[in-house]
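Q: The structure's right below; bear with me while I get my questions together.
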Amino acid sequence: GERIAVSNGKLSVNFDANGLIESVVVDGVTVMMSQNLMWYAGMNEGNANSIFDDRPSGAYVFRPNGTDATPISTQATLIVQTGALVSEVYQQFSDWASQVVRVYKGQSDVEIEWTVGPIPVGDGIGKEIVSRVTTQIPSGGRFYTDSNGRQTLLRRRDFRPTWTLDVTEPVSGNYYPINSHIYVTDSEQNAGAVLALVNDRSQGGTSLKDGQIELMVHRRLLYDDHFGVGEPLNEPGDGPGLVVRGTHYLLVNPSLAGNHPVSLIRPLAQQMFMRPWMSFSATSLSFTNWK
Amino acid sequence: QNLIDSLRRSMGEAQHHDAVAGTEKEHVSQDYRLRLHDSLVDCQKDVGNSFSQLLPIGSQALPPQEFCLHLNVSQCAITESSSRFVTTVYNPRSHEVTTYVRLPVMNGVYTVLDPDGSELIVQLVPLVNAALRSIETERPKSSATHELVFQAASIPALGHKTFYIVKSSARHGQQHSTITSSRERQSTTVRMAEA
Chain P
263 GERIAVSNGK
273 LSVNFDANGL
283 IESVVVDGVT
293 VMMSQNLMWY
303 AGMNEGNANS
313 IFDDRPSGAY
323 VFRPNGTDAT
333 PISTQATLIV
343 QTGALVSEVY
353 QQFSDWASQV
363 VRVYKGQSDV
373 EIEWTVGPIP
383 VGDGIGKEIV
393 SRVTTQIPSG
403 GRFYTDSNGR
413 QTLLRRRDFR
423 PTWTLDVTEP
433 VSGNYYPINS
443 HIYVTDSEQN
453 AGAVLALVND
463 RSQGGTSLKD
473 GQIELMVHRR
483 LLYDDHFGVG
493 EPLNEPGDGP
503 GLVVRGTHYL
513 LVNPSLAGNH
523 PVSLIRPLAQ
533 QMFMRPWMSF
543 SATSLSFTNW
553 K
Chain X
17 QNLIDSLRRS
27 MGEAQHHDAV
37 AGTEKEHVSQ
47 DYRLRLHDSL
57 VDCQKDVGNS
67 FSQLLPIGSQ
77 ALPPQEFCLH
87 LNVSQCAITE
97 SSSRFVTTVY
107 NPRSHEVTTY
117 VRLPVMNGVY
127 TVLDPDGSEL
137 IVQLVPLVNA
147 ALRSIETERP
157 KSSATHELVF
167 QAASIPALGH
177 KTFYIVKSSA
187 RHGQQHSTIT
197 SSRERQSTTV
207 RMAEA
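These protein sequences, in sequence, are chains P and X.
So for the first sequence, my numbering puts the first residue at 263; every next one is plus one.
So for the second sequence, my numbering puts the first residue at 17; every next one is plus one.
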């Protein structure tokens, strides 16, 4: 029921009384923001009609039943740990969804380590889980996604550059592959604000509202989508489902001050993509003898 | 070369669209994982061999390099069980990097020395307890209670640095007062929501 803040001296992340992120302060400027883990309901079997034959959600098909996602929980139970090098807030949303929000000393990004699963499907509904961040940045229906970690492409909501799009799938029709990063900004002249997420594996992502971006982190679906894989996306077999853990770097910058957004994102993307390797060796030697 | 080619081959296979998108059949995904794991182990052998060739003559008797593939769920047998060990951090990027290292350990007071023998700032972060986080399902084989965090600074491009880590009770002759002050400096303040 308390407001909590963790800081690394460069930025601070503020949590509201429900235990959810409510703002990030960067260089003294407060950027209002909400972030939560949410789920889309999978489309079940038996939805054939005069236009489409049967197309349930499945390994190849992202086709949510409905036009928006639902928060797994509107509250989180917190454990707050602060120290000399890292301060982190552990958020438990449910017994199958939690994340740790970390700020390391000297770093300009926020690390979000999410742990999701096993996804409950006792209600007979497949679920696809996303991490969604919402700000008030007026991005004008534009967002940017990488292409295999190389070129960064402009995307426009409900739009295709080479044909007139008839929007029949308002959510999945705006989803793109995100292999490295996705961001929104309010300025073409690199003078405004930027919100970015850098991911550690290929995920789907979009911006369904101005100032908002989301990345899909886990899926559990109950039907074969008849596109050839021949089985539902429901590992392992009929078992409990998978627990998945991963990391997103959240970058918020209220004023680009002439920097191109990708100049701030690319170092984080390289840090995520080419992390240091570690090896270990036990020793009984003193440091001097060992050295 | 065949050790490296093993990983090269399984990574090539994992470029198949269903591996990248995760749309393969379940048993196929298990096969991808098995191949990637086995070839990672092959590569680790090669890295270990190359590393020992970097060491001065006569130090080949040192224990071999070990790798931990479950650091993301705070599981690493050697850091959990050793009171004195070294960790080598290799930077695969083409420019110098500074990164934070997190190692699963047992509770205690630790000293971390960089290659010059300078003592680094260390923080011991408790792992969130089992009650709140279904820990048993996540890391069945780990006895770690904390993560040891320190900054590995200025790792050279395509290079490595080795850090020496000792659990203070193992350092002979250290004064109790020193240990107490180190413990305080390394500690993490924990606040939990009341049930």
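Even glycine gets a Cβ: it sits at the ideal position worked out from N, Cα and C.
In this text, all values refer to a predicted model and were calculated from it rather than measured experimentally.
Going by DSSP, what residue range makes up the alpha helix (DSSP H) through X:N18?
A: N18 to E29
Q: Following a CB-centred definition, is X:A169 positioned closer than 7 Å to any heavy atom of the ligand FAD?
A: The ligand FAD is absent from the structure shown, which contains no ligand whatsoever.
Q: Suppose contacts are defined by Cβ-Cβ distances below 8 Å. Is P:V395 in contact with P:L457 by that definition?
A: yes
Q: Is the CB-CB distance between X:V113 and X:T178 below 8 Å?
A: The Cβ atoms of X:V113 and X:T178 do not sit closer than 8 Å to each other.
Q: Could you confirm whether any beta carbon from chain X is found closer than 8 Å to the beta carbon of P:G492?
A: yes
Q: Would you say P:W376 lies against chain X (beta-carbon separation less than 8 Å)?
A: no
Q: How many angstroms separate the CA atom of P:K553 from the CA atom of P:Y406?
A: If you draw a straight line from the Cα of P:K553 to the Cα of P:Y406, it comes to about 49 Å.
Q: Counting C-beta neighbours from all protein chains within 10 Å, is the total for P:G490 16 or more, i.e. buried, or is it exposed?
A: Exposed is the call here.
Q: Classify P:T414 as buried or exposed, calling it buried when 16 or more other Cβ atoms lie within 10 Å of its own Cβ.
A: buried
Q: Classify P:W425: buried if its beta carbon has 16 or more other beta carbons within 10 angstroms, exposed otherwise.
A: With fewer than 16 other beta carbons inside 10 angstroms of its own, P:W425 counts as exposed.
Q: Along the beta strand (DSSP E) that carries X:M208, what are the first and last residues, could you check?
A: T205 to M208
Q: Is P:G473 buried or exposed, if buried means 16 or more other CB atoms sit within 10 Å of its CB?
A: buried
Q: Whole angstroms is fine: what's the gap from X:V165's alpha carbon to P:H522's?
A: 32 Å
Q: Using DSSP bridges, identify the partner residues of X:A173.
A: Paired residues: none, contrary to the question.
Q: By alpha-carbon positions, which one of P:T332, P:E431 and P:L513 ends up nearest to P:F324?
A: Restricting attention to P:T332, P:E431 and P:L513, the CA atom closest to the CA of P:F324 is found in P:E431.
Q: Since P:I341 meets chain X, which of its residues come closer than 8 Å, beta carbon to beta carbon?
A: V144, L148, V206, R207, M208 and A209
Q: What does P:F324 touch in chain X if you count any residue whose Cβ is under 9 Å from its own?
A: Under the 9 Å cutoff, chain X gives no residues; its nearest Cβ is about 11 Å from P:F324.
Q: Is there contact between the region 62–72 of chain X and the region 118–137 of chain X, where contact requires at least three CB pairs shorter than 8 Å?
A: no
Q: Please report the straight-line C-alpha distance between P:H443 and P:S546, rounded to a whole angstrom.
A: 44 Å
Q: If the cut-off is 8 Å on Cβ atoms, which residues from the region 504–537 of chain P count as contacting chain X, listed in chain order?
A: V505, R507, Q532, Q533, M536 and R537
Q: Report the neighbours of P:S541 on chain X: residues whose CB is nearer than 8 Å to its CB, in chain order.
A: The contacting residues are Q60, V63, G64, F67, Q81, E82, F83, T103, T104 and Y106.
Q: To be precise: take each residue of the region 129–140 of chain X, compare its Cβ to all Cβ atoms of chain B, and keep it if any distance is under 7 Å. Which residues remain?
A: The structure shown contains no chain B; the protein chains it does contain are P and X.
Q: Restricting to Cα atoms, I'd like to know which of P:P494, P:I475, P:H510 and P:R482 is closest to P:Q361.
A: The shortest C-alpha separation from P:Q361 is found at P:H510.
Q: By DSSP, does P:G467 sit in helix, in strand, or in coil?
A: strand
Q: At the level of alpha carbons, what is the spacing between X:L87 and X:P120?
A: Counting only the Cα atoms, X:P120 lies some 7 Å from X:L87.
Q: Could you spell out where the alpha helix (DSSP H) holding X:F67 opens and where it closes?
A: E42 to L70
Q: Leaving aside the five residues before and after P:I381 along the sequence, list all residues of the same chain whose C-beta is less than 6 Å from its C-beta, in chain order.
A: Answer for P:I381: K389, R482 and G503, listed in chain order.
Q: For chain X, find out if any of its Cβ atoms is closer than 8 Å to the Cβ of P:N485; answer yes or no.
A: Per the sequence presented here, residue 485 of chain P reads as Tyr, with Asn not at that position. Output row for P:Y485: interface = no.
Q: DSSP puts X:V138 in a beta bridge; with which residues?
A: X:F166
Q: With a threshold of 8 Å on Cβ separation, who are the neighbours of P:T329 within its own chain once the five nearest residues in sequence on each side are excluded?
A: P432 and V433
Q: How close, in whole Å, do the beta carbons of P:H488 and P:D278 come, if the pair is a contact with beta carbons under 8 Å?
A: Their Cβ separation, rounded to whole angstroms, is 44 Å, which puts P:H488 and P:D278 out of contact at 8 Å.
Q: Residues of the region 42–54 of chain X in Cβ contact with chain P at a cutoff of 8 Å, in chain order, please.
A: E42 and S45
Q: Just the chain X side, please: which residues come within less than 9 Å of P:T344 by C-beta, in chain order?
A: Here the neighbours are T204, T205, V206 and R207.
Q: Is P:L227 close to chain X, meaning its C-beta is less than 8 Å from at least one C-beta of that chain?
A: The structure shown does not extend to residue 227 of chain P, since chain P is modelled only from 263 to 553, so the question has no answer here.
Q: Taking the straight line between their C-alpha atoms, what separation do you get for X:V36 and P:I399?
A: So the alpha carbons of these two residues sit roughly 32 Å apart.
Q: So X:Q31 contacts chain P; which residues on that side make the cut at Cβ distance below 7 Å?
A: Ordered by position in chain P, no residue passes the 7 Å Cβ test against X:Q31, which lies about 11 Å from the chain.
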